[in-house]
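Scroll down for the structure; my scribbles are underneath it.
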Amino acid sequence: MTLLLIPGFMADATLWDAMTDDLAPFGPLAATDLSRGEDIESMAAAILGEAPERFVAVGFSMGGYVARELARMAPDRVEALILIATSARGDTEELIRQRRSALKAPPKAFKGLSRPAIVSSLHPDLADDEAMIARVRDMGLRLGGEVFHRQSAMARAGDLERLGEIVQPTLIVAADADRLRSAEEAEELHRGIAGSTLETVTHSGHMIPLEQPKALARAMTEWLKTLS
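For the sequence shown, position 103 matches number 103 in UniProt numbering, and the numbering has no gaps at all.
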């Protein structure tokens, strides 16, 4: 089976680097990004146009919204879903306000995500981990200011009411110290997607693929074995 790896807000394919060796035995890995499209639907359409004929959609954070849209757009092509540190809720007014405030500067002035924003996405123990902070910032810098503006301008609508449309086997992975996505949001996904499995990675903030790649890969591979 092909694993289609979909990162989140201002993240690129390097998000998965520490996991590829563990995931490779399950089949080809196809990494994409969210640099195209003005909303979740157009992002999903852009990815679908280049995706393998059949695949497991692995979506992190914003990528989880895209993965679910792929499952609805092409149910015959999406074999299964893995949703990591994500939610089915729409953006709050506060989050929309924060993102719109960030759009006041022109794209060419973009210098990467701010340190407070990055630190809030990590486990508290990593607040002074300069290498980890740099990894997150560097992903955003590679994508650039135009992508930052496009992703920040999006207002994600929730899809709680549509979770019942998902018929694919689904693994939901949450983190115990995620300050951006709560355990309740993971439970909502679990309750809404029939037959889904929920796993929690310990000692991790929101950036599970960077913070706890081995634990995440283990949760994914153990679950993938149940599909074969």
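Cβ coordinates follow ideal geometry from the N, Cα and C atoms, glycine included.
Given the structure is predicted, the values throughout are model-derived calculations rather than measurements.
Setting aside the 5 residues that flank it on each side, His123 is surrounded in the same chain by Ala177, His203, Ser204, Gly205, Glu211, each with a C-beta closer than 7 Å to its C-beta; the list follows chain order. Apart from sequence neighbours up to five positions away, no residue of its chain approaches Arg150 with a beta-carbon distance below 6 Å. Rounded to whole angstroms, the separation of the alpha carbons of Gly63 and Glu146 is 18 Å. Counting the other CB atoms within 10 Å of its CB gives Asp128 a total below 16, which places it among the exposed residues. Our two residues, Ala174 and Met220, have alpha carbons roughly 12 Å apart in a direct line. Per DSSP, the unbroken alpha helix (DSSP H) holding Thr20 starts and ends at 20-23.
Rounded to the nearest whole angstrom, the CA to CA distance from Leu70 to Val119 is 30 Å.
Between Ala157 and the set Ala11, Gly59, Gly27, Arg89, the nearest pair of CA atoms involves Arg89. The alpha-carbon separation between Arg77 and Arg54 amounts to approximately 4 Å.
When DSSP states are grouped into helix, strand and coil, Phe60 belongs to the strand group. For Glu79, the CB contacts under 7 Å within the same chain, skipping 5 residues up- and downstream, are Met1, Arg54, Phe55, Val56, Gln168 in chain order.
In the structure shown, Ile172 falls within a strand segment according to DSSP collapsed to helix, strand and coil.
For the pair Met139 and Ala11, the CB atoms are nearer than the 7 Å cut-off. Its chain contains Val201 as the residues whose beta carbon lies nearer than 6 Å to that of Ala215, once the 5 sequence neighbours on both sides are disregarded; these appear in chain order. A residue is called buried when at least 16 other Cβ atoms come within 10 angstroms of its Cβ; Thr92 does not meet this threshold and is exposed. When the five nearest sequence neighbours on each side are left out, the beta carbons in the same chain lying within less than 6 Å of the beta carbon of Thr170 are those of Leu81, Ile193, Ser196, in order along the chain.
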